[in-house]
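Visitor:
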Amino acid sequence: MRKSSKRCLVMLTCVTMLLESQGLTVLAAEDSELSEVAVAEEAELDVKAVEADEIKVETAEIDAAEPMLMAIEEDDSDFEIKDGVLVRYLGNDKEVVIPDGVTTIGEYAFCNNDYIEIVVISNSVESIQESAFGNCSSLREVTIPQSVTYIDDMAPFDECPLEKVYVYRNSYAGKKLRQMGGYLINTHPRYMEKMYELVYVDGGFEISHSELELEVGKCARLSISGVDTDSTFRWTTEYDNVVSVYQDGTIVANKPGTEVVYAVIDGRFDSYCKVTVVQASSQQEQENPDDKSKDFYTSEDGTILYRYLGSDEYVEIPEGIVTINKNAFKEYKSIQEIIIPDTVQTINAGAFYGCSSLKEINIPDSVTFISENAFCSCSSLEKIDLPKSVVLKTGISFYGCSSLKEINIPESVTFNGKITYNGCRSLEKITIPDSVTAITKSMFEGCTRLKEITIPKSVVDIAADTFKNIPIEKIYVYKNSRADKVISRWGTYDLIYIEEVIYELNTDLLEIVKGETKTLSVKNISIDNTLAWESDDDSIASVLDDGTVTANALGEVKIYAIIDGEKGPYCTVKVISGTSEDATKDFSLSKNGKILYGYTGTDEYVVIPEGVTTIRDGAFSDNKNITKVIIPNTVTSIGNSAFCYCKSLSSVVIPDSVKNVGDYAFCGTGLTEITVNFSTIGEETFSYCRNLSKVVLTDSVETIEERAFAQCSSLYEITIPKSVKEIEHCPFWDCPLKEISVYRNSYAGHRIRKGGAGLVMYNPRDSWPTYDLIYIDGGFELYTTELELEAGGCERLSVKGADSSNTISWYSDDEKIARVYDDGTVIAEKTGTVYLYAVVDHPNPYGPEDPFSKNGKSDLMCKVTVVPASEHPGDNNKDFYISEDGTILYKYMGTEESVTIPDGVVTINEYAFKNCKEIKEVVIPNSVKTIGKDAFYGCDSLKVVNIPDSVTYIGENAFYGCNKLEAIYGVAGSGAERYAKRHSIIFISVNPSVNGPSNEEIQQIIEKNMWTKEPGEYTHEEVVQSLECLAMLQKEQLKDQATRDFFCETYRNNREAVKEQTAEVLKAFNISFEEVESIFKRVIFE
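Mature numbering (1 follows the signal peptide of the UniProt record, and there is no 0) puts the sequence shown at residues -28 to -1, 1 to 1058.
(1) Give me the Cβ distance between Val74 and Ser96, rounded to the nearest whole Å; I'm assuming they're in contact under 8 Å.
(2) Can you find the residues in the same chain that come closer than 8 Å, C-beta to C-beta, to Arg454, ignoring five residues on each side of it along the sequence?
(3) Output needed for Thr779: all residues of its chain with C-beta closer than 6 Å, excluding positions within five of it in sequence on either side, in chain order.
(4) Is the Cβ-Cβ distance between Lys305 and Ala321 less than 7 Å?
(5) Mark Asn564 as exposed unless 16 or more other C-beta atoms lie within 10 angstroms of its C-beta, in which case mark it buried.
(6) Is it the case that the Cβ atoms of Gly819 and Tyr783 are separated by a distance below 7 Å?
(7) What does a CB cutoff of less than 7 Å around Gly221 pick up in its chain, not counting 5 residues either side in sequence?
(8) Using DSSP's beta-bridge definition, name the partner residues of Lys835.
(9) Note down, in chain order, each residue of its chain lying with its Cβ closer than 6 Å to the Cβ of Asn380, except the 5 sequence neighbours on either side.
(10) In whole angstroms, what separates the C-alpha of Ser593 from that of Leu481?
(11) So, is Ile926 buried or exposed, given that buried needs 16 or more other C-beta atoms within 10 angstroms?
(12) To the nearest whole angstrom, what separates the beta carbons of Tyr862 and Thr797, a pair I think is in contact under 8 Å?
(13) Straight-line CA distance for Glu801 to Lys886?
(14) Less than 7 Å between C-beta atoms, sequence neighbours within five positions excluded: which residues of the same chain meet that for Asp875?
(15) With Cys455 as the anchor, note down where its beta strand (DSSP E) starts and where it stops.
(16) Helix, strand or coil for Met1000, going by three-state DSSP, please let me know.
(17) State the start and end residues of the unbroken alpha helix (DSSP H) segment that holds Leu149.
(18) Ignore the nearest five residues each way along the sequence and tell me which others in Thr805's own chain have a CB closer than 6 Å to its CB.
(19) Which same chain residues, not among the five before or five after Phe205, have their C-beta less than 6 Å away from its C-beta?
(20) Could you check if Trp505 is buried or exposed, using at least 16 other CB atoms within 10 Å of its CB as the buried criterion?
(21) Look at the alpha carbon of Val529 and the alpha carbon of Ser622, and state the distance between them as a whole number of angstroms.
(22) Per DSSP, what kind of secondary structure is Ile1056 in: helix, strand or coil?
(23) Look up Gly189 in the DSSP assignment and give the residues it is bridged to.
(24) What are the partner residues of Ala435, as DSSP defines its beta bridges?
(25) Whole angstroms is fine: what's the gap from Lys788's alpha carbon to Ile746's?
(26) Can you tell me whether Pro261 is buried or exposed, with buried defined as 16 or more other CB within 10 angstroms of its CB?
(27) Identify the continuous alpha helix (DSSP H) that holds Tyr719 and give its terminal residues.
(28) Indicate the three-state DSSP secondary structure (helix, strand or coil) for Lys901 in the structure shown.
(29) List the endpoints of the continuous beta strand (DSSP E) containing Glu169.
(30) Hey, Thr585 and Thr608: beta-carbon distance below 7 Å or not?
(31) Just to confirm before moving on: does the CB-CB distance between Ile289 and Ile312 stay below 7 Å?
(32) Hey, Ser414 and Asn394: beta-carbon distance below 7 Å or not?
(33) Give the straight-line distance between the Cα atoms of Tyr941 and Asn918, rounded to the nearest whole angstrom.
(34) Can the beta-carbon of Ala300 be found less than 7 Å from the beta-carbon of Leu277?
(35) For Arg206, which beta-bridge partners are listed by DSSP?
(36) Is any beta-carbon of chain B found at less than 7 Å from that of His814?
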C-alpha cells in the first residue's frame, strides 16, 4: 500500500510539472472550472429573473428619425463620463441607454457587469473601444446607431452571450459586423458554439428568389436589393456541383439535385436561394422557332455566353460574345458545326465537352485563351486548327476525340501545361508543339493507329513505356536533344533526325560611328529563302535590302532579318560619335582606367572599355536596361554581385583572361547560356537565372561552390568535366535537372554516386536523385552476368570499369542459396537460383538500391544457379578458395582428415569449413588474426584444433556443432583460451611457461586419455594430447637453464637405451619414438 501511494504521488508530481511547463497548473484549472460553474449558475438565475419581469423591447417599431429606445429612463449618476468618454458604468440595471453627449464608450466601461441584459447606444456615440462590454454575462441584445464610425477589432463584447445585434443595413456598424462576425464577442470565434443574430433596423437585403426550380441545362438570374456600392458582394454555392453560379447572378443547372446559392455581403453569408434541378423534359416548347436569340443565355451586357439552350445542328454564336463560359455547350449531341465570331477571346473549361456530333469548328485568331478540356469527348471532330495567338495556360486535352485525324498547333502557341491525345484512335501522325516540355505515360494511350511522331527540342522529360501498345514506326527528333538521348537508350525504336537550319547574323552587336556604314549578312540562308531587313528606327540607323547599315544619329536600334516573311535574328546597332569620351562617358573608372566602379548609362548594349582589368563589386547590379555586355580580354576579375539582378541581361561572353568571378556575380540575370572558363564558380554566381538553359563548363573549372546554379528553372542538363575536384553542397538546388554527364571515375562521378540527391536538394535524407547519370566514357558492367556453381563451390565476380578508387558493395537476394563478399567472392550454399548485385560507390545497409538504376535496384546483376555437388577427389592445390591477395580463406573444399591452413591467411571467413564432416584436426598458422562466425560449424569429426596467439577475434559459434571437440590448444591468456572457457571447452596451453594450465588440469586430460581404456583403443589424437601434457609436466621441472642442460646431456647419452626400453609400449599406443621425441622437443624447448 505504501509503495502504491508513493508511486501515485510521484506520478502526480510529474504531471503537475508538465502542466506548469505549458503555462498551466492543476489548481488553476480547478479554479477555472469552479468559476465557470458559478457564472453559469448566476447567469441562469438572471435569465429567470428577466423572464419573470417580462421585459420586452419593441424594436420593430423604431422610427427611422428616432431609432433609439429613448423611452427607457436612466439615472446619469450611474455613468462616469469624462470629456465625452464613458469611462465606467456603476449601475446594476437590466436595461441601459447610453446618455446623449457620450461620443466614446471607453475600454472596459461595462466590463464584468452581470446585470445588464439590453443596451441601447445613443446617436451621439461615435466609437466603441476594446472590451467595452467585456464579460457582461447577461447581455443578450444591443442596438448600435448609424453615428458609430469605429468599433475596435479586439472584441468590444468579449464573452457576452449576445443573441441579437440591431444595426442599420449599410451603416458602418452593419458592414463592420458582417466583416468581423464572431470577433465582436470573442477574439477566437472558432471556439464559439453560437453566433448572434444580426437584425437590420431598416430592413434586410432582399434576394429576388428564395427558391427556384430549373431543368438540367437551363439558366436563371438572381439579384439582390439593398447592397450599396461600398460593400463587397459575391455569389457562391455549397459545392458548385448541381448548379454553377456566376458573379452577375446567373445560375446554370448542371444535374438533378438540390443546392443552395448564397449572397455573400461584406464576407457574411446573408441571403440565400434554394435551387432544385430536375431532369430536362423531352418536349421543349419554343414560342418562336425562328428567333435564335433565345437559344443563347448570356450576361446582361451580352459579352458572356453562359449556356446554349437550342437544339440546332448548325450553330452560329452571336457577335459581341467575348467569353464562351464553362460547359456552355456541354453534351449538346445534336450540334455538327459551330461558327465562333472574331469577338471571342476566351473559351473556358468544358465549353464543348461531349458534343459528340460536332465535326467542324472554326476558332478565330481573336481567341487568346483555351481551357484544357474545352474539346474533350468531341468524338466526331475530325480536324482542329488552333490560332497563332492562343495561350494554353493549363495545356490542352483531346481526350476522347476518337475521329480526330489532324491537329494543327502553330509554333507560336504558348504552353504552360501538358498536352493529351488520349483516345485519339484516328490519329496517324502527331507533331508535338515546341513549348511542350514533358511526354507523360498516358499522353498517347488509345492512339491505336499512331505511326509517326515528331518530338521538339523543348521536351526534356519522357516517361518510360510512353509508346507501349502503340504501333509507332517513325520517331523524328533533333540530334543530341533530350528525346534523342532517352529514346536511344531504350534501344527499341529507330530514330530519324530532323535537319535543323539555324539562321545567324554575322554579328549580333554592331557599333558604328555616325555617318559611316557597315554590312549585315545571314549565315545558312539559301537561294530558296527570301531575305529582307527592317530597322526599329530609321532615324538612328537605316538598312538597305543588301544588309548595308547607315548610322544616321546617336542612339541604339535593333535591325531584324526578315526570312521568308517572318522576323528572324536581329542585331543591336549602337551609333556613337567616335570620340574617346563617348566610349567611356557612362563608366565610373579609376584614374588609370583599370578599375570599373560603376555604370550609369541606360543602353541595352554595353561595351566595357578596353584596358579595364577589374570590374568591382556591384558595378552593374540592378540595371534593368542592359541586355548584352561585351567584356574585353583585358579584364581578369569580376567582383561580387557585379551584374546581380540585371534581369534583362541575356548575353555575355566572359573572355579567357578572366581568372576570378565573385559570388552572386550574375545572380538573377536573364542569361540563356554561359560558357565558364574560370576555375571557381562561386556561391550563387548564376543562381536564379531562370532562363539559363545551356551551361558549358570547360576544363578550366575546378570548384563548384554551394548554390552556384540554384533555382535555374530552365536548366535540364549539364556536363561536368574531369578537371572539377570539388563540388560543394547543393550547387544545383531546385534545378529541374534531367541529366548530368560525367566521366566514370572522375571526382564528379564519385561525388554524385555517393550523394547525388544533395546536388539538387538541401535535405535529401532518403530521397533519390530525379536525374539520369550519364557516363561520357561508358558505364560500369559485370564481366559475368550468369553463373552456374555446384553447392559448396566458389567463384569471383568483378566490375568492368571499376578501379581502386571505387567502393563496390555486393548484395545477395538469398544468402541461404549463395553468399557474396566485398571482393566479389561468391560461395554457393545450396541448390536454387539467386541474383547477386553490385553497387558502385553507393553502399546501402538495406539492400542493392541504386539511385541511378531503372527500377531502383542495381543494373549490375548476375544470375547464379546452384546445382548439387558432384563427387570428385580432393586436390590440395584447389582445396582452399582464397582472396586474390591470399589473406582471406573463404571456403575449404577438400576432403582431408588433417588440414593445415596455408601461411599468409589472415582471416578464416564465416562458414569457411561449414559441415566439413571429414576433418579431425586443423592446424592454423601464426598469420591468422580472425576466425569468422560459424567458421567450423558442423565439423562433427573435429577433435583437435591449435589456435595461435596471433588470433585476436573468434566469431560467435565458430565451433558450433563440433560435438567431438575435446580441447583447444593455444597460448594462455589468448583469445583462444577466453573462447574455450566461454563455451566450456577444455583449453590446453602450448606455452606453459606463460601462465600455462595447472597440474590439476593436465592430470585431468592424462587420466581422460590414458588411464580409462586399453592402449590399442586410444586414437592417435588422444595419445598426442596426453604426451603433450606429460611434456608440460616435465617442462615444469626444467625451469632453470642448468637443470635443462643437465637433462639434455643425460638424454643424449641414453637416447638409444630409452628408445629400446619404450619400443613395446609405444607400439601398443601406435606411435613412433621419433614422433614422441618431436612432441617433447616442441613443448619443452620452443
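Just so it is clear, CB atoms sit at the ideal spot from N, CA and C, and this is done for glycine as well.
Fair warning: this is a prediction, and the values are worked out from it, not measured in the lab.
Guide: Working from what's here:
(1) Their Cβ separation, rounded to whole angstroms, is 6 Å, which keeps Val74 and Ser96 in contact under 8 Å.
(2) The beta carbon of Arg454 is closer than 8 Å to those of Lys429, Val431, Val432, Asp433, Ile434, Tyr688, Glu689, Lys710 and Glu711 in its chain, skipping five residues each way along the sequence.
(3) Within its own chain, the residues whose Cβ lies closer than 6 Å to the Cβ of Thr779, once the five positions on either side in sequence are excluded, are Asp813, listed in chain order.
(4) Cβ atoms of Lys305 and Ala321: not closer than 7 Å.
(5) In the assembly as shown, Asn564 is an exposed residue. Its beta-carbon has fewer than 16 other beta-carbons within 10 Å.
(6) Taking 7 Å as the Cβ cut-off, Gly819 and Tyr783 qualify as a contacting pair.
(7) So the qualifying residues of the chain are Arg193, Leu194, Ser195 and Trp207.
(8) Per the DSSP secondary-structure output, Lys835 pairs in a beta bridge with Glu758 and Tyr807.
(9) Asp357, listed in sequence order.
(10) Going by C-alpha positions, Ser593 is about 22 Å away from Leu481.
(11) Flag for Ile926 reads buried.
(12) Confirmed, Cβ separation roughly 5 Å.
(13) Cα to Cα, Glu801 sits roughly 10 Å from Lys886.
(14) Close CB contacts of Asp875 within its chain, under the 7 Å cut and outside five residues either way in sequence, are with Pro897 and Ser899 (chain order).
(15) Checking the sequence shown, residue 455 turns out to be Ala, not Cys. Not the beta strand (DSSP E): Ala455 falls in the alpha helix (DSSP H), residues Arg454 to Trp462.
(16) Just to set this straight, residue 1000 is Glu in the shown sequence, not Met. Secondary structure at Glu1000: helix, using DSSP grouped into helix, strand and coil.
(17) In the DSSP assignment, Leu149 falls within the unbroken alpha helix (DSSP H) covering Tyr144 to Met152.
(18) Leaving aside the five residues that flank Thr805 on each side, the residues in its chain whose CB is nearer than 6 Å to its CB run, in chain order, Thr837.
(19) Hits under 6 Å: Val199 and Ile237.
(20) So Trp505 counts as buried.
(21) The alpha-carbon atoms of Val529 and Ser622 are separated by roughly 17 Å.
(22) Three-state result, Ile1056: helix.
(23) In DSSP, Gly189 forms no bridge with anything.
(24) Partner(s): none; Ala435 has no beta bridge.
(25) Roughly 35 Å between the two C-alpha positions.
(26) Only weak support exists for where Pro261 lies, its pLDDT of 48 falling under 50; the coordinates are left without a value.
(27) It spans Tyr719 to Gly727 - the alpha helix (DSSP H) in which Tyr719 sits, taken as one unbroken run.
(28) The DSSP-derived three-state label of Lys901 is coil.
(29) Going by DSSP, Glu169 is part of the beta strand (DSSP E) stretching over Glu169 to Tyr172.
(30) With contacts defined by Cβ atoms closer than 7 Å, Thr585 and Thr608 form a contacting pair.
(31) Yes, Cβ-Cβ distance for Ile289 and Ile312 is below 7 Å.
(32) Result yes, Cβ atoms of Ser414 and Asn394 sit closer than 7 Å.
(33) One C-alpha to the other measures close to 5 Å.
(34) Taking the C-beta atoms as reference points, Leu277 is found nearer than 7 Å to Ala300.
(35) DSSP, once it has assigned bridges, lists Val236 as partnering Arg206.
(36) Absent from the structure: chain B. Only one protein chain is present.
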